[in-house]
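S.K.: In this note's numbering, the protein residues as written are 1 to 200.
Backbone N, C-alpha and C fix where the C-beta goes; we use that ideal spot for every residue, glycine too.
Before anything else, here's the structure in question.
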């Protein structure tokens with residue numbers, strides 16, 4: 001019962017789209033209908049600038065943190081906490097409040113990964129920032145973080161099978177959400193951070 005409660009509440013928390021709410025408040029537009037069409041921090045930066053984008057990023061990360069904290073406070077096993085994190089990311093990607101059209105879940109995943117395997121998320125995060133700084137491809141850096149973090153946890157540390165399965169499900173979902181970005185990266189058509197019409 002507590003596991004189901006945690007998963008449902010996590011989904012509802014994840015469904016809160018801060019990029020949508022902040023863009024609506026400031027610019028009176030639907031962020032999903034401008035820029036790349038993605039309801040996330042990167043598109044918020046294109047539409048509103050760096051300040052609001054940082055706010056959206058932190059709030060989306062916080063969603064993942066809160067859901068894992070809630071699961072831990074409820075005394076749930078590690079795999080159930082990881083499933084709660086997955087539910088929060090699904091909520092971000094497919095929010096019930098906004099017609100199931102949301103973002104790609106990277107920021108919320110950052111929060112979840114840092115709560116579950118902080119050291120490996122930190123290592124992957126530092127390398128991710130270097131990748132973005134050098135290539136200017138946010139999508140490439142994001143994909144690296146999403147894949148490398150659970151791989152580190154799998155290879156180096158003895159996390160339970162349930163936790164690893166949940167984290168790799170998160171990675172699979174993220175790669176699915178980034179499928180168009182992956183195609184553009186392969187074709188050399190992915191625009192870089194700072195380009196007006198970049199799509200991430």
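Can you say whether residue 133 is buried or exposed, counting buried as having 16 or more other CB atoms within 10 angstroms of its CB?
M.R.: Counting from one through the chain shown, the residue named residue 133 turns up at place 133. Exposed is the call here.
S.K.: So what does DSSP say about residue 157, is it helix, strand or coil?
M.R.: Taking the chain shown and counting its residues from 1, the one referred to as residue 157 is at position 157. DSSP places residue 157 in coil when its eight states are reduced to three.
S.K.: Quick one, are the C-beta atoms of residue 202 and residue 92 less than 7 Å apart?
M.R.: No answer is possible for residue 202: it lies beyond the span of the chain, which begins at 1 and ends at 200.
S.K.: Quick one: give me the first and last residue of the alpha helix (DSSP H) that residue 87 is part of.
M.R.: Start at 1 with the first residue of the chain shown, and residue 87 comes out as number 87. It spans 78-93 - the alpha helix (DSSP H) in which residue 87 sits, taken as one unbroken run.
S.K.: In whole angstroms, what separates the C-alpha of residue 66 from that of residue 94?
M.R.: Residue mapping note: residue 66 aligns to position 66 of the chain shown, counting from 1. Residue mapping note: residue 94 aligns to position 94 of the chain shown, counting from 1. Between residue 66 and residue 94, the C-alpha separation is close to 18 Å.
S.K.: Alpha carbon to alpha carbon, what distance is there between residue 83 and residue 1?
M.R.: If you number the chain shown from 1, residue 1 lands on position 1. If you number the chain shown from 1, residue 83 lands on position 83. Their backbone Cα atoms lie some 14 Å apart in a straight line.
S.K.: With distances taken between CB atoms, is the gap from residue 31 to residue 89 smaller than 7 Å?
M.R.: One-based indexing of the chain shown puts residue 31 at position 31. One-based indexing of the chain shown puts residue 89 at position 89. Against a cut-off of 7 Å, the Cβ pair of residue 89 and residue 31 comes out as no contact.
S.K.: Look up residue 38 in the DSSP assignment and say whether it is helix, strand or coil.
M.R.: Within the chain shown, numbered from 1, the residue matching residue 38 stands at position 38. Residue 38: coil per DSSP, three-state reduction.
S.K.: When DSSP labels each residue in this structure, what does residue 169 get in the three-state scheme?
M.R.: Your numbering for residue 169 matches position 169 in the chain shown. Of the three classes helix, strand and coil, the one that applies to residue 169 here is helix, per DSSP.
S.K.: According to the neighbour-count rule (16 or more other Cβ atoms, all chains shown, within 10 Å of its Cβ), is residue 126 buried or exposed?
M.R.: Residue numbering aside, residue 126 sits at position 126 when the chain shown is read from its first letter. Flag for residue 126 reads exposed.
S.K.: For the alpha helix (DSSP H) holding residue 13, just list the boundary residues, first then last.
M.R.: Within the chain shown, the letter at position 13 stands for residue 13. Residues 2-14.
S.K.: Which same chain residues, not among the five before or five after residue 3, have their C-beta less than 7 Å away from its C-beta?
M.R.: Walking along the chain shown from the start, residue 3 turns up at place 3. Excluding positions up to five away in sequence, the list reads 76 and 80.
S.K.: Using C-beta distances below 8 Å, list every residue in its chain close to residue 22, excluding the 5 sequence neighbours before and after it, in chain order.
M.R.: Locating residue 22 in the chain shown gives position 22, where the first residue counts as 1. 44, 48, 52, 55 and 56.
S.K.: Return helix, strand or coil for residue 19, following the three-state DSSP convention.
M.R.: As a working mapping, residue 19 is identified with position 19 in the chain shown. Helix.
S.K.: I'd like the list of long-range same chain contacts for residue 164, defined as Cβ closer than 8 Å, with 5 residues on each side in sequence excluded.
M.R.: Your numbering for residue 164 matches position 164 in the chain shown. Cβ neighbours of residue 164 beyond the five flanking positions: 150, 153 and 154.
S.K.: How should residue 188 be labelled, buried or exposed, when 16 other C-beta atoms within 10 angstroms of its C-beta is the threshold for buried?
M.R.: By one-based count along the chain shown, residue 188 stands at place 188. It counts as exposed.
S.K.: Relative to the C-alpha of residue 40, which candidate in 26, 24, 27 and 20 has its C-alpha closest?
M.R.: The count along the chain shown starts at 1 and reaches residue 40 at position 40. With distances taken between Cα atoms, residue 40 lies closest to 20.
S.K.: Please name the residue in 141, 97 and 148 whose C-alpha comes closest to that of residue 120.
M.R.: Counted from its first residue, the chain shown places residue 120 at position 120. Closest option to residue 120, Cα to Cα, is 148.
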